[in-house]
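Taking it in order: structure first as structure tokens, then the write-up.
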Amino acid sequence: MNKQTIKGIVLKGKKVIVRVDFNVPIEKGRITDDRRISASLPTIQYVLSQGASKVVLMSHLGRPKGAGFEPEFSLKPVAARLEKLIGEEILFLDDCIGPAVKDAIVKSSQRVVLLENLRFHKEEELNAPAFAKELASLADIYVNDAFGTAHRAHASTAGITACLPSVAGFLIEKELEFLGNAVNSPKRPLSVILGGAKVSDKIELIKNLIPKADSILIGGGMAYTFLKAKGINVGNSKLEKDKVGMAGELMEQAKKAGVEFALTIDFVITQSFTSDDCKISDVIADGWESLDIGPKTREYFKKILSKAKTVVWNGPLGVFERDAYAQGTRDIAVYLASLSGVAVIIGGGDSAAAVAKFGLEDKMTHISTGGGASLEFLEGKVLPGIAALNDK
Ligand code: AMP
30 MNKQTIKGIV LKGKKVIVRV DFNVPIEKGR ITDDRRISAS LPTIQYVLSQ GASKVVLMSH
90 LGRPKGAGFE PEFSLKPVAA RLEKLIGEEI LFLDDCIGPA VKDAIVKSSQ RVVLLENLRF
150 HKEEELNAPA FAKELASLAD IYVNDAFGTA HRAHASTAGI TACLPSVAGF LIEKELEFLG
210 NAVNSPKRPL SVILGGAKVS DKIELIKNLI PKADSILIGG GMAYTFLKAK GINVGNSKLE
270 KDKVGMAGEL MEQAKKAGVE FALTIDFVIT QSFTSDDCKI SDVIADGWES LDIGPKTREY
330 FKKILSKAKT VVWNGPLGVF ERDAYAQGTR DIAVYLASLS GVAVIIGGGD SAAAVAKFGL
390 EDKMTHISTG GGASLEFLEG KVLPGIAALN DK
């Protein structure tokens, strides 16, 4: 990585402000998945072990209106969970800027401080320089370890870097290493599995991956726009009519580049999206829609994947949230989990949720903590939160 990391900076005696991604799911005040909190521990523990005088943590949670405190978006439950995970008392403050916050940090006996939700201030998402300066005034060094928001130019991810020495934490370093190696210097062959609802969300991704991948396998709702472009009947399946031409062009580009482009060849079809009453079929008749890849497609995909040395997967292959249509996604996930000597990289968001649902997280090489951020990175875009960090 061409950016400085916490390993390359003196932390002893310094106050260090770390942008973490504590945007965890909370139901009725209880955190239902704390992986994003535990993913930040290596950075927090390293900063403490290097003798930093304070670690000030800041994050957003959900989408408050930016007009002050809203109880359902408070980071207070996160403070309690973090305290348990790091095994020491932390100080939770009810705001993220202002003289009272600054004063409390200086006077606190605790080494770790968590600030209240950044997005209670609209200036955070507006990347307002005065707000960024206020955040920066709380510390001597800035660390960005929030990969999930690295694709956003906000005060806590971009603006603050104008005021402090700014370096990457371990989580960002790890994400860039795994995602970057997977697409820029993969062990070949590189297979890319794409699924999810819409082809329009993945056009840039496919364009960027065609020159890099050896094979691209398409399932999920996005497959039907490609099948339509090949003149195949898709019934009532998910279809983006205005993208049929583009889908045809992408397949043409892949062919020219010598990339194997594999589409769904059989289907799990139903007459109503809300019904679990379904059957396996080689065709999609009018009045039917396909909500998962069929068994022939699963075998076809596995055959291609058996040659791969690197696999990047973004997007579920069917409506995996419902058991009737989860088999395709599950079967491919189980197959990938069984491979040895193959780097399997799971993009964030729904693909990560699917792997977690099937209990296969430990079996994958890397599961990204960023949905939108990993997608933008794989599209070849510059992530503002990374670009703003000090170069090596
Ligand atoms: P995305 O946010 O683009 O990754 O899409 C994920 C969503 O796509 C999931 O909620 C799936 O239920 C949905 N999905 C996957 N396959 C299909 C399909 N064949 N038809 C409709 N929706 C699908």
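Those letters in the sequence shown? Residues 30 to 421, per this note's numbering, in order.
Note that CB positions come from ideal geometry on N, CA and C, so glycine has one too.
On a predicted model such as this, the values are computed, not experimentally measured, just so you know.
Item	Value
6 Å CB neighbourhood of residue 169 in its chain, flanking five on each side removed	43 and 44
Burial state of residue 262 (16 or more Cβ within 10 Å)	exposed
Residue 231 vs residue 269 beta-carbon contact at 8 Å	no
Length of the line joining the Cα atoms of residue 164 and residue 236	38 Å
heavy atom of the ligand FMN below 7 Å from residue 386 C-beta	Ligands in the displayed structure: the ligand AMP; the ligand FMN is not one of them.
Rounded Cβ spacing between residue 200 and residue 326 (contact assumed at less than 8 Å)	Wrong, their Cβ atoms sit about 35 Å apart, outside the cutoff.
Given residue 365 as reference, the closest of 348, 377, 389 and 160 once Cα atoms are compared	389
Nearest-angstrom Cα separation, counted from residue 212 out to residue 293	23 Å
Those residues which DSSP pairs with residue 299 across a bridge	307 and 318
Where residue 146 falls: helix, strand or coil (DSSP)	coil
Residue 341 Cβ short of 7 Å to the ligand AMP heavy atom set	no
Same chain, Cβ closer than 6 Å to residue 34, five either side skipped, listed in chain order	196, 197 and 202
Residue interval of the beta strand (DSSP E) (run including residue 219)	219-223
Three-state secondary structure assigned by DSSP to residue 178	helix
Residue 389 in three-state terms, based on DSSP	coil
Cβ pair count under 8 Å reaching 3, the stretch 39-59 against the stretch 101-114	yes
Sequence-distant residues of its chain with Cβ nearer than 6 Å to residue 253 (five each side left out)	263, 266, 267 and 268
Buried versus exposed, by CB contacts within 10 Å (16 or more), residue 303	exposed
Which listed residue (111, 79 and 92) has its alpha carbon closest to that of residue 422	There is no way to answer for residue 422, as the model of the chain reaches only from 30 to 421.
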